[in-house]
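In our numbering, the protein residues as written are 21 to 115.
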């Protein structure tokens with residue numbers, strides 16, 4: 021069935037079916053992790069995509085992932101936990 025993807029922004033986590041993420045990426049022409057929250061929400065509205073409930077298990081996984089070291093998927097540089105962009109290559113990152 022494809023599973024789910026959780027996109028994290030400063031104040032909210034969006035849990036979407038992976039197929040819906042592909043639709044959003046196709047519609048916007050951007051990878052999901054490069055979308056601003058406003059771009060994501062606008063695309064979801066245009067395509068009639070609803071987010072799924074973030075479960076307590078999801079919240080625990082999010083909390084664990086925020087404590088682990090993170091690396092830029094574009095250049096491999098370590099990411100600061102408080103930044104939205106990679107200091108090495110400048111790509112926007114999603115936490």
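All residues carry an ideal CB built from backbone N, CA and C; glycine is no exception.
Bear in mind the structure is a predicted one, so any value in this text is a computation, not a measurement.
Look at the alpha carbon of residue 47 and the alpha carbon of residue 36, and state the distance between them as a whole number of angstroms.
-> 15 Å
Which two residues bound the contiguous beta strand (DSSP E) that contains residue 37?
-> 33–37
Would a C-beta distance cut-off of 8 Å place residue 109 and residue 100 closer than the cut-off?
-> No, Cβ-Cβ distance for residue 109 and residue 100 is not below 8 Å.
If we count the other Cβ atoms within 10 Å of its Cβ and call it buried at 16 or more, is residue 63 buried or exposed?
-> buried
Reference residue 40, options 69, 28 and 54, closest by Cα = 69
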